[in-house]
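Working notes for the structure below.
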Amino acid sequence: MTSRSLTEVPSSDIGDNGRNAISTPENLVVVDSQPAGKESSDSQPSAPVKRKSVYDNVMAQFDKAADLMHLDANIRKILAKTENEITVNFPVKMHDGKVEMFTGYRIQHNDALGPFKGGLRYHPSVDRDEVRALAAWMTWKAAIAEIPFGGAKGGIQIDPAHYSTDELERITRRFTYALGDNIGPEYDIPAPDVNTNSQIMAWIQDTYLSTMSPHERHRNIHVVTGKPVVSGGSHGRDKATGQGIVFTIEQWAKHREVSLEGATFIVQGFGNVGSWASRLLTRLGAKLVAVEDVTGGIRNRDGIDPDDLLKYAQVHGGLRKYPTGEFVDHIMFMQTQADVFIPAALGNQITAETAPWLKVRLVAEGANGPTTPEGDAILQEQGIDLIPDILCNTGGVIVSYFEWLQNKRKEFWDLEEVDRKLRKKIISAYNRVHDMATEKKTDWRTAAYIVALSRLEMVYKDRGIFP
Ligand code: GLU
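Using this note's numbering, the letters of the sequence shown map in sequence onto residues 719 to 1185.
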């Protein structure tokens, strides 16, 4: 049986040996390769798997919701398309003096609710189709969370592990320069995503500001969010996506009258999102019983200490061979009995093939697009609850909004204030989706879409279509 494996840049720190990958990816994406948990040397070459377009999945989700809510036909046409698709090809000098050409994207899906907003990812899988889908998901996320942003996404098709820190800095700066006025603090605001982090945001910020008159610079520091705190970043942005996931799981547990004390959970991906969600959920008394990343999977019914695992993964470049617990392959990992599954790695992980393996009560989607429409149908048949990505992982963009606001107002909020405001925002979003699912008697993903599309429909109806 073929299975998808993870591709994850481990949480190694940028720059310690000059050829490291960027640390703390926010989430991870899919490639078809060897089964997780096996070294590439023992794996058979896998037959090429025809990838379904990720944007097709977005459109399948969108169409289902649009039909059910009878979305205005004209607005439906608008939202089915991206507004702007920017592709830039740019040269960068490598450490050996040779020039390499890179391709970068920024796709702006919709800005009816506010400036375009969304991350930049550095990954070999980055292409126009994937970025389109990710940009549309950002539009829905901001609408559900009721933050004044539209949706965008971008990235460069590279494996950052193949470049030195200096090269990554030059690639990032040249990409920023190539994007020019296609980004801007009141127009389109990038943030971290897969394999990008606060360091990359600081380089983008510095490059963007360097192209302005010195008088303009301090007014424009909010051109990116997810910056280091000293450069105008927000407290709590680093853990925000994981924290948001945990707030939504807490709310689910309250509604379902499940105690998180002693509840069990499994996590796929141990980058920024997976590791933070694990650490924060463990603090509520829940027990992490299995984890997998690109290097392999481990399981321990007595519980895995996520803080210790993170330290191990940082030193060893992944969690393979972690000394406590049994080694599990991808299928065994997915079949682990637990209360909650947090996919925090790849797109297209819960599919027609893999969904039947799951033995959990709840899937809380930390990753973007981890479940295909076929996977969704199986989860529903099996009575597995779902907190969909466009609700579950909005903590990141919500705290990005807080960072943007703090920058505009020249304020600094402490962690307690950020956490309190995040909890309030994400719980109201959760309740809106819960109420919509009840009202329309539909699944949670469709309900989340209806919440987002209704808000966008209202704006278009108010404003009309120019001219
Ligand atoms: N990359 C994150 C996401 O997928 C955060 C985006 C942002 O903060 O703008 O939601």
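Think of the CB as a built atom: it goes at the ideal place given N, C-alpha and C, for glycine as much as any other residue.
Next on the checklist: Can you tell me where the alpha helix (DSSP H) holding lysine 795 begins and where it ends?
Outcome noted: In the DSSP annotation of this structure, the continuous segment of the alpha helix (DSSP H) that includes lysine 795 starts and ends at 791-797.
Next on the checklist: Buried or exposed for alanine 791, going by 16 or more other Cβ atoms inside 10 Å?
Outcome noted: Sixteen is the threshold: since fewer than 16 other Cβ atoms of the shown chains lie within 10 Å of the Cβ of alanine 791, the residue is exposed.
Item to check | Distance, isoleucine 963 Cα to arginine 1138 Cα | outcome: So the two alpha carbons sit approximately 14 Å from each other.
Item to check | Residue ranges of each alpha helix (DSSP H) within the stretch 857-919, 4 or longer | outcome: With a minimum length of 4 residues, the continuous alpha helix (DSSP H) runs that stay inside the stretch 857-919 are 883-897.
Item to check | Sequence-distant residues of its chain with Cβ nearer than 7 Å to proline 1106 (five each side left out) | outcome: For proline 1106, where only same-chain residues beyond five positions count, the Cβ hits under 7 Å are Glu1083, Trp1162, Arg1163 and Ala1166.
Checklist entry - Near glutamate 848, what residues of its chain come up, given a Cβ to Cβ distance below 6 Å and the 5 sequence neighbours on each side ignored? => result Contacts found: Val772.
Checklist entry - Any chance the CB of alanine 1063 is under 7 Å from a heavy atom of the ligand GLU? => result Checking the Cβ of alanine 1063 against the ligand GLU gives no.
Next on the checklist: If I follow the unbroken alpha helix (DSSP H) through isoleucine 1049, where does it start and stop?
Outcome noted: 1048-1052 is the extent of the alpha helix (DSSP H) around isoleucine 1049.
Checklist entry - Under a Cβ-count criterion, where at least 16 other Cβ atoms within 10 Å of its own Cβ denotes burial, should glutamine 762 be classed as buried or exposed? => result In this predicted model, glutamine 762 has a pLDDT of only 33, less than 50, meaning its place in the structure is not dependable enough to derive any value.
Item to check | Between the CA atoms of threonine 914 and leucine 789 - distance to the nearest angstrom | outcome: Their Cα atoms are separated by approximately 36 Å.
Checklist entry - Between which two residues does the beta strand (DSSP E) harbouring isoleucine 1016 extend? => result DSSP places isoleucine 1016 inside the beta strand (DSSP E), whose first and last residues are 1014-1017.
Item to check | Close-in-space but distant-in-sequence residues of the same chain around serine 996 (CB under 6 Å, 5 per side omitted) | outcome: The residues are Val985, Leu1006 and Pro1024.
Checklist entry - Which of helix, strand or coil does DSSP assign to tyrosine 1040? => result Tyrosine 1040: coil per DSSP, three-state reduction.
Item to check | Reference aspartate 709, options Ile967, Gln779 and Phe983, closest by Cα | outcome: In the structure displayed, the chain extends from 719 to 1185; residue 709 sits before or after that span and is not available.
Checklist entry - Is leucine 1080 helix, strand or coil by DSSP? => result Shown here, leucine 1080 sits in a strand according to DSSP, grouped into three states.
Item to check | Alpha-carbon to alpha-carbon, methionine 919 and serine 952 | outcome: Rounded to the nearest whole angstrom, the CA to CA distance from serine 952 to methionine 919 is 13 Å.
Item to check | isoleucine 1022 - DSSP class collapsed to helix/strand/coil | outcome: DSSP places isoleucine 1022 outside both helix and strand once states are collapsed to three, so it counts as coil.
Item to check | Neighbourhood of glutamine 1067 by C-beta distance below 6 Å, restricted to the same chain and skipping five residues each side | outcome: Pro1061 and Pro1088.
Item to check | Straight-line gap, proline 766 to histidine 1048 (C-alpha atoms, nearest Å) | outcome: In this prediction, proline 766 has a pLDDT of 41, which is less than 50 and means its spatial position is unreliable; what the coordinates show is noted afterwards. If I take the Cα positions, the gap works out to 19 Å.
Checklist entry - How many Å lie between glycine 832 and isoleucine 1145 at the Cα? => result One Cα belongs to glycine 832, the other to isoleucine 1145, and the distance between them is close to 22 Å.
Next on the checklist: Which residue wins for smallest C-alpha separation from alanine 783, given the options Val948, Val941 and Leu1171?
Outcome noted: The option with the nearest alpha carbon to alanine 783 is Leu1171.
Item to check | Cα-Cα separation between methionine 856 and leucine 1140, rounded to whole angstroms | outcome: Looking at the two C-alpha atoms, the distance is approximately 17 Å.
Checklist entry - For the stretch 900-911 against the stretch 937-946, are there 3 or more C-beta pairs whose distance is under 8 Å? => result They touch, by the three-pair rule.
Checklist entry - From which residue to which residue does the beta strand (DSSP E) around alanine 958 run? => result Following the DSSP letters along the chain, one finds alanine 958 in no beta strand (DSSP E) but inside the alpha helix (DSSP H) bounded by residues 958-974.
Next on the checklist: My output table needs one value for aspartate 1103: the three-state DSSP class, helix, strand or coil.
Outcome noted: Strand.
Checklist entry - Where does valine 942 sit, in a helix, a strand or coil, going by DSSP? => result In the displayed model, valine 942 falls within coil according to three-state DSSP, outside both helix and strand.
Item to check | Buried versus exposed, by CB contacts within 10 Å (16 or more), methionine 930 | outcome: So methionine 930 counts as exposed.
Next on the checklist: Does phenylalanine 1051 pass the burial test, meaning 16 or more other C-beta atoms within 10 Å, or should it be called exposed?
Outcome noted: Taking every protein chain shown into account, the CB of phenylalanine 1051 has 16 or more other CB atoms within 10 angstroms, so this residue is buried.
Item to check | Between the CA atoms of phenylalanine 1184 and alanine 879 - distance to the nearest angstrom | outcome: Note on geometry: alpha-carbon atoms of alanine 879 and phenylalanine 1184 lie some 46 Å from one another.
Item to check | Alpha-carbon to alpha-carbon, threonine 805 and tyrosine 683 | outcome: As shown, the chain starts at 719 and ends at 1185. That puts residue 683 outside it, with no answer to give.
Next on the checklist: Is it the case that the stretch 1118-1128 contacts the stretch 972-982, given that we only count it when at least three CB pairs across the two stretches are under 8 Å?
Outcome noted: Because the criterion of three Cβ pairs below 8 Å is not met, the stretch 972-982 and the stretch 1118-1128 do not touch.
Checklist entry - Which residues share a DSSP beta bridge with glutamine 826? => result The secondary-structure analysis by DSSP pairs glutamine 826 across a beta bridge with Asn802 and Ala870.
Next on the checklist: Check this for me: beta carbons of leucine 1037 and threonine 1013, under 8 Å apart or not?
Outcome noted: Yes, Cβ-Cβ distance for leucine 1037 and threonine 1013 is below 8 Å.
Checklist entry - What span of residues does the beta strand (DSSP E) with glutamine 986 cover, start to end? => result Counting along the chain, the beta strand (DSSP E) containing glutamine 986 begins and ends at 982-986.
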